[in-house]
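S.K.: Protein chains in written order, with the working numbering: chain A, 1 to 377; chain B, 1001 to 1327. Built from N, CA and C at the ideal position, the CB exists for glycine as well.
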Amino acid sequence: MQRFILRRILWNIPVLILITVVTFGMMQIVPGGPFTAGSSGRPIPPEIRANMMAKYGLDKPVWQQYLNYMGRLILHFDFGPSLRRPGRTVNQMLFGGNFLVDVLREHLRDEFGTAASSMTFAEPPSIFDSKALVVKTNGEPVAYIYITWRDRFEAVKRFLTLAPVMVSAQVGLVSVTLALLIGIPLGIISALKQNTWIDYVAMFISMLGVSIPNFILGIVLILVFALWLGWLPTYGWGESWKQVIMPAITLGTGGMAFIARLTRASMLEVIRADYIRTARAKGLAERVVVLRHALKNSLIPVTTVLGPMMAAWLTGSFLVEWVFSIGGIGKFFVSAVTDRDYTLIMGTILIYSVALVLFNLAVDIAYGFIDPRIRFD
Amino acid sequence: MVAERVPLIQVRHLKKYFPITRGLIIQRHVGDIKAVDDVSFDIYKGETLGLVGETGSGKTTVGRTILRLYEPTDGQVLFDGVDLFRLKGEEMRRMRRRMQMIFQDPYASLNPRMTVGSIIAEPLEVHGVAHGREKTERVQELLRLVGLNPYFVNRYPHEFSGGQRQRIGIARALALNPDFIVCDEPISSLDVSIQAQVVNLLEDLQERLGLTYLFIAHDLSMVRHISDRMAVMYLGKIVELTDRDEIYLNPLHPYTQALMSAVPVPDPEVEEKRQRIILEGDIPSPANPPKGCNFNTRCPVAMDVCFEEEPEFREVKPGHWVACHRV
């Protein structure tokens, strides 16, 4: 088991490297670049553009750009500066920057008052360090600040709740949970009541769920529950449980419908299996037959689709984040490409690839528990 | 074995129709597939009744309907005097302790996700027969009884061969100490070399545990080997029912005669002279059985009356029942 997991993780390293090579190459092939047009839409004069290209190292050969990028990424976990949002780094945009800096700055303010605003850190602090050197803006050392377990905990907590990548993951996780909690029972019921009105109603609902586009559902929900009824807020995330409801429904409906259909189809196949008749002949109650014998066997296909589905949803949805003004990373998947913001494109693609690799690994491990016929060796 | 002749199972006018429906929104009932159409017979305590017939004759449906794995359309099944079809959910569930089934396909009839131990132990749990240590011991005893190593309890069905799986199915059926077991073609999906083992096991268990079998099969020589009496089904009806030797030596129904003529004889001289009666055509659709005698479309000796009147299933000799106008 451990060997299987370790081998799969090691195997995925070359896969991820290949993804970076292909993405990097494709960005260069696509016409246009980050500085083809200014923010106002007017063309940038060639001399200025040459300067900007030089500043970001885009004048060098592609292979050198790639090696520079990968070097910074692997050695410092640095995704580089955003090419279209001056002063912002991709790390800030995706991960919300360094939350430990914020935590330690609060300590400095308690200690030095307003003077703290002119202080900074000699090196970016990390939760693996025990202390950080505080310096003035001119480089003169002021003091060491010791990093406590409480600071580390606080930084991790802020990362988990506030980082854009985690906000997207939260939205995705709530939606997947909703999709499973409704989709699976809906599928079971319509399979057990196949070709009755219950089945037809359930499948009609799931057909609607698949065919209604996300943003229309989101806007209709806002119209009804926020504007007309005034029950729920129209936007935001992470401040109140009320903000969770509409984004979760908007994102979860499609998956719920899909899972319901999948569960139904697979359940229909399983409840006709001979071993289900065996279970009935044993004299089991119908509830036990369905829950213990049929359901477990029919969830294997659902588990299969869960891997890619979680990867897609937990890395953010452009439409849902846009409709509900949620500060996740979903919007970057579209804007980075239209802006030709090379570093941001690489960042988003890498996050998605890592998520896909991890969730597929989780699914493969889960198979071993669900289906004893699968062995890890 | 058939000394006392006390019926354990009495089947009376059993019918099982599967409805055919048409229509997009409103489903109209346009007809029935008469899988079992008015069948009556007894199974005596401790005997093996062999049930033979070609594919689609309804023999499996008879077995399943007797155990109420299908809901019957009409008729009565008395099990030790109790009318099974009148029992409600919980009563029926308790009754299942006494009647079990061995299924045809040993691959599909075991839940792939349960260990052999839990497959066999589950009936013990749900009927509250044995718990804890007692249950474990009973499972091991059952595995030994069917000739499997008791250490196999933690393995999964896919780790076994077809013959071993069928033994697991038999152990499962025996777990609750049933009186009556429907063996639904238990050997037809096994290799010939394994078939004899399983049949001998079934016979051995019958002797030791006093079981009553309904043995459904299409392999005539195997049925003859294991049965005390045999019933022949054709198109949802039993056409002939008598002792196994009588049915071989003196078959009365033309369909039985044709069937028996198809059994090879392991004696070259007799085999040389054996006359095969080849039936023309196929078995008619059970949705639209012919008028009169069911067999009239293929019967070599059909008379006018056979196309008009349905023959009565009657006892022509003591213990020899047949449904034919010619007899």
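Nearest to phenylalanine 1103 of chain B by alpha carbon, out of B:Ala1035, B:Lys1088, B:Leu1148 and B:Ala1173?
M.R.: Within the second sequence, the letter at position 103 stands for residue 1103 of chain B. With distances taken between CA atoms, phenylalanine 1103 of chain B lies nearest to B:Ala1173 out of B:Ala1035, B:Lys1088, B:Leu1148 and B:Ala1173.
S.K.: With 16 other CB atoms within 10 Å as the buried threshold, where does valine 21 of chain A fall?
M.R.: Counted from its first residue, the first sequence places residue 21 of chain A at position 21. Under this definition valine 21 of chain A is an exposed residue.
S.K.: What span of residues does the alpha helix (DSSP H) with glutamate 1185 of chain B cover, start to end?
M.R.: What you label residue 1185 of chain B is simply residue 185 of the second sequence in a count that begins at 1. Segment: none, glutamate 1185 of chain B is in no alpha helix (DSSP H) and carries neither H nor E.
S.K.: Just to confirm, is the Cβ distance from isoleucine 300 of chain A to valine 289 of chain A under 8 Å?
M.R.: Start at 1 with the first residue of the first sequence, and residue 300 of chain A comes out as number 300. Start at 1 with the first residue of the first sequence, and residue 289 of chain A comes out as number 289. No, the pair does not count as a contact, with Cβ atoms beyond the cut-off.
S.K.: On the DSSP bridge assignment, give the partners of glycine 1050 of chain B in chain order.
M.R.: Here the question's residue 1050 of chain B lines up with position 50 in the second sequence. BP columns for glycine 1050 of chain B point to B:Phe1215 and B:Met1230.
S.K.: Return the CA-CA distance between valine 1002 of chain B and leucine 192 of chain A, expressed in angstroms with no decimal places.
M.R.: Here residue 1002 of chain B corresponds to residue number 2 of the second sequence, with the count starting at 1. Here residue 192 of chain A corresponds to residue number 192 of the first sequence, with the count starting at 1. With a pLDDT of 46 at valine 1002 of chain B, under the threshold of 50, the modelled position of that residue is not reliable, and no figure is offered here.
S.K.: Inspect the CB distances between the stretch 241-248 of chain A and the stretch 165-175 of chain A and report whether three or more fall short of 8 Å.
M.R.: yes
S.K.: Please identify, using Cβ separations under 7 Å, the residues of the stretch 1054-1088 of chain B that lie next to chain A, in order along the chain.
M.R.: Leu1067 and Leu1069
S.K.: Can you tell me which of the three DSSP states arginine 1040 of chain B falls into?
M.R.: Sequence index remark: in the second sequence, residue 1040 of chain B carries index 40 (1-based). Rather than arginine, the amino acid found at residue 1040 of chain B in this sequence is serine. Note: serine 1040 of chain B maps to strand in three-state DSSP.
S.K.: In the DSSP assignment, the beta strand (DSSP E) including phenylalanine 121 of chain A goes from what residue to what residue?
M.R.: Numbered from its first residue, the first sequence carries residue 121 of chain A at position 121. Note, phenylalanine 121 of chain A: beta strand (DSSP E), 119-121.
S.K.: Taking DSSP as the reference, what is the three-state secondary structure of glutamine 28 of chain A?
M.R.: Along the first sequence, one-based indexing puts residue 28 of chain A at 28. If DSSP states are grouped into helix, strand and coil, glutamine 28 of chain A belongs with the helices.
S.K.: So asparagine 297 of chain A contacts chain B; which residues on that side make the cut at Cβ distance below 9 Å?
M.R.: Start at 1 with the first residue of the first sequence, and residue 297 of chain A comes out as number 297. Near asparagine 297 of chain A (Cβ distances below 9 Å), the residues of chain B are Asn1111, Pro1112 and Arg1113.
S.K.: Beta carbons nearer than 9 Å to chain A: which residues of the stretch 1117-1131 of chain B have them?
M.R.: Ile1119, Glu1122, Pro1123, Val1126 and His1127
S.K.: Mind pulling the chain B residues with CB within less than 7 Å of glycine 378 of chain A?
M.R.: Outside the displayed span of chain A (1 to 377) sits residue 378 of chain A, for which this structure offers no information.
S.K.: Taking 8 Å as the threshold (C-beta atoms), are valine 1322 of chain B and leucine 1220 of chain B in contact?
M.R.: Against the second sequence, residue 1220 of chain B aligns to sequence position 220. Against the second sequence, residue 1322 of chain B aligns to sequence position 322. Their beta carbons are not under 8 Å apart, which means leucine 1220 of chain B does not touch valine 1322 of chain B by this criterion.
S.K.: Could you spell out the range, first to last residue, of the beta strand (DSSP E) harbouring tryptophan 1321 of chain B?
M.R.: For the purposes of this step, residue 1321 of chain B is taken as residue 321 along the second sequence, with counting starting at 1. Counting along the chain, the beta strand (DSSP E) containing tryptophan 1321 of chain B begins and ends at 1320-1322.
S.K.: Can you give the Cα-Cα distance for arginine 1064 of chain B and tyrosine 1070 of chain B, rounded to whole angstroms?
M.R.: Your numbering for residue 1064 of chain B matches position 64 in the second sequence. Your numbering for residue 1070 of chain B matches position 70 in the second sequence. If I take the Cα positions, the gap works out to 6 Å.
S.K.: Taking Cβ-Cβ distances below 9 Å as the criterion, which residues of the stretch 285-296 of chain A are in contact with chain B?
M.R.: Taking 9 Å as the cut-off between beta carbons, the residues of the stretch 285-296 of chain A near chain B are Ala285, Glu286, Val288, Arg292, His293 and Lys296, in sequence order.
S.K.: Taking Cβ positions only, does glutamine 1257 of chain B come closer than 8 Å to chain A?
M.R.: Within the second sequence, numbered from 1, the residue matching residue 1257 of chain B stands at position 257. No, because no Cβ of chain A sits closer than 8 Å to the Cβ of glutamine 1257 of chain B.
S.K.: Can you pull the chain A residues whose beta carbon is under 7 Å from the beta carbon of aspartate 1105 of chain B, in chain order?
M.R.: Position 105 of the second sequence, counted from the start, is the residue given in the question as residue 1105 of chain B. Near aspartate 1105 of chain B (Cβ distances below 7 Å), the residues of chain A are Asp274.
S.K.: Note the first and the last residue of the continuous alpha helix (DSSP H) segment covering aspartate 364 of chain A.
M.R.: Indexing the first sequence from 1 puts residue 364 of chain A at position 364. Run containing aspartate 364 of chain A: 342-370, per the alpha helix (DSSP H) assignment.
S.K.: Using only CA atoms, which one of B:Ile1278, B:Gly1132 and B:Val1265 lies nearest to tyrosine 1255 of chain B?
M.R.: Residue mapping note: residue 1255 of chain B aligns to position 255 of the second sequence, counting from 1. Out of B:Ile1278, B:Gly1132 and B:Val1265, B:Ile1278 has the C-alpha closest to the C-alpha of tyrosine 1255 of chain B.
S.K.: Look at glutamine 1166 of chain B and proline 1106 of chain B and say whether their C-beta atoms are less than 8 Å apart.
M.R.: Here residue 1166 of chain B is taken as the residue at index 166 of the second sequence, counted from 1. Here residue 1106 of chain B is taken as the residue at index 106 of the second sequence, counted from 1. For glutamine 1166 of chain B and proline 1106 of chain B, yes; Cβs fall inside 8 Å.
S.K.: Below 8 Å on the Cβ atoms is my contact criterion, and I expect glycine 1075 of chain B with leucine 1014 of chain B to pass it. Report the Cβ-Cβ distance as a whole number of Å.
M.R.: Reading the second sequence from its first residue, position 75 is the one you call residue 1075 of chain B. Reading the second sequence from its first residue, position 14 is the one you call residue 1014 of chain B. Between leucine 1014 of chain B and glycine 1075 of chain B the Cβ distance is about 4 Å, and since that is below 8 Å, they are a contact.
S.K.: So, for glutamine 1140 of chain B: in the same chain, excluding its five sequence neighbours on each side, which residues have a beta-carbon less than 6 Å away from its beta-carbon?
M.R.: Along the second sequence, read from residue 1 onward, the residue named residue 1140 of chain B stands at position 140. Correct list, in chain order: Pro1150.
S.K.: Determine the contact status of leucine 104 of chain A and alanine 122 of chain A, defining contact as a CB-CB distance below 8 Å.
M.R.: Counting from 1 along the first sequence, the entry for residue 104 of chain A is found at position 104. Counting from 1 along the first sequence, the entry for residue 122 of chain A is found at position 122. For leucine 104 of chain A and alanine 122 of chain A, no; Cβs fall outside 8 Å.
S.K.: Nearest to arginine 1093 of chain B by alpha carbon, out of B:Lys1059, B:Gly1128 and B:Ile1119?
M.R.: Locating residue 1093 of chain B in the second sequence gives position 93, counting from the first residue. Among B:Lys1059, B:Gly1128 and B:Ile1119, the Cα nearest to that of arginine 1093 of chain B belongs to B:Gly1128.
S.K.: Does the beta-carbon of lysine 1317 of chain B have 16 or more other beta-carbons within 10 angstroms, so that it is buried, or is it exposed?
M.R.: Against the second sequence, residue 1317 of chain B aligns to sequence position 317. With fewer than 16 other Cβ atoms within 10 Å, it is exposed.
S.K.: If you drop the 5 nearest sequence neighbours on each side, which residues of the same chain put their C-beta closer than 7 Å to that of isoleucine 1020 of chain B?
M.R.: Your numbering for residue 1020 of chain B matches position 20 in the second sequence. Correct list, in chain order: Val1030, Gly1031, Asp1032, Ile1033 and Ala1287.
S.K.: Answer with yes or no whether the minimum CB distance from alanine 281 of chain A to chain D is below 8 Å.
M.R.: Among the protein chains in the structure shown, which are A and B, there is no chain D.
S.K.: In chain order, what residues of the same chain lie with their CB nearer than 8 Å to the CB of valine 1305 of chain B, ignoring the 5 residues before and after it?
M.R.: Translated into positions along the second sequence, residue 1305 of chain B becomes position 305. Closer than 8 Å at Cβ, skipping near neighbours: Gly1292 and His1325.
S.K.: Can you find a heavy atom of the ligand NAP that lies under 7 Å from the Cβ of cysteine 1183 of chain B?
M.R.: By its list of ligands, the structure shown contains no ligand whatsoever, and the ligand NAP lies outside what it can speak to.
S.K.: Can you give me the Cβ contacts of valine 1301 of chain B inside the same chain, cut-off strictly under 8 Å, excluding the 5 residues immediately before and after it?
M.R.: Within the second sequence, the letter at position 301 stands for residue 1301 of chain B. Excluding positions up to five away in sequence, the list reads Pro1254 and Arg1326.
S.K.: Since threonine 114 of chain A and valine 135 of chain A should fall inside the 8 Å C-beta cutoff, what is the C-beta to C-beta distance between them, to a whole number of angstroms?
M.R.: Within the first sequence, residue 114 of chain A is the residue found at index 114, counting from 1. Within the first sequence, residue 135 of chain A is the residue found at index 135, counting from 1. Between valine 135 of chain A and threonine 114 of chain A the Cβ distance is about 17 Å, and since that is not below 8 Å, they are no contact.
S.K.: How about threonine 250 of chain A and glycine 230 of chain A: do their beta carbons lie closer than 8 Å?
M.R.: Along the first sequence, read from residue 1 onward, the residue named residue 250 of chain A stands at position 250. Along the first sequence, read from residue 1 onward, the residue named residue 230 of chain A stands at position 230. The Cβ-Cβ distance between threonine 250 of chain A and glycine 230 of chain A does not fall below 8 Å.
S.K.: Output needed in chain order: residues of the stretch 295-323 of chain A with a Cβ under 8 Å from some Cβ in chain B.
M.R.: Lys296 and Asn297
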